[in-house]
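Student: Got a structure for you, questions after.
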Amino acid sequence: MSIDIANLFKNMASTAGSDLQEDGDNISGNLLKVLDNNKESIAELVEARANGDINQEDFDSELAREKSILEVEMLGLEIASKAAIQKAVNAAIGTLTSAVSAAL
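Residues 510 to 613 in this note's numbering are what the sequence shown lists, from first letter to last.
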């Protein structure tokens, strides 16, 4: 089953922004930029899981690595506190895992 990565990334950024209402627009826009920077590796990971090329354990491990990368890049932008960024990234990753689970 195919997953629309561009739409998924927009949903991830929107979820993160909604989760942090007071800083939502800033975080959502910046998270979308960071996601775009990492789009290829995340898309490959999502496609590998959707196609059954990797199992759930490998997907979770690689997703944790991608999550760390997103957090570091967001912290580099210095747009919010570490806790706020972690909350936003967790919301975005939750959207991603839900989409992948629904596609399987």
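Even glycine gets a Cβ: it sits at the ideal position worked out from N, Cα and C.
Can you give the Cα-Cα distance for L540 and A525, rounded to whole angstroms?
Tutor: Approximately 8 Å between the Cα atoms of the pair.
Student: Would you call L605 buried or exposed, if buried means 16 or more other Cβ atoms sit within 10 Å of its Cβ?
Tutor: It counts as buried.
Student: Counting along the chain, where does the alpha helix (DSSP H) carrying D562 start and finish?
Tutor: Run containing D562: none; DSSP gives neither H nor E here.
Student: Determine the direct distance from the alpha carbon of S523 to that of L572, and round the result to whole angstroms.
Tutor: 19 Å
Student: Could you tell me whether the segment 592–599 touches the segment 551–560, using the rule of 3 or more Cβ pairs below 8 Å?
Tutor: no
Student: So what does DSSP say about L613, is it helix, strand or coil?
Tutor: coil
Student: To the nearest angstrom, how far is it from the Cα of A640 to the Cα of D545?
Tutor: No statement about residue 640 is possible, as the shown extent of the chain runs from 510 to 613 and does not include it.
Student: Excluding the five sequence neighbours on either side, which residues of its own chain have a C-beta within less than 7 Å of the C-beta of I578, listed in chain order?
Tutor: N547
Student: Is it the case that the Cβ atoms of I602 and K576 are separated by a distance below 8 Å?
Tutor: yes
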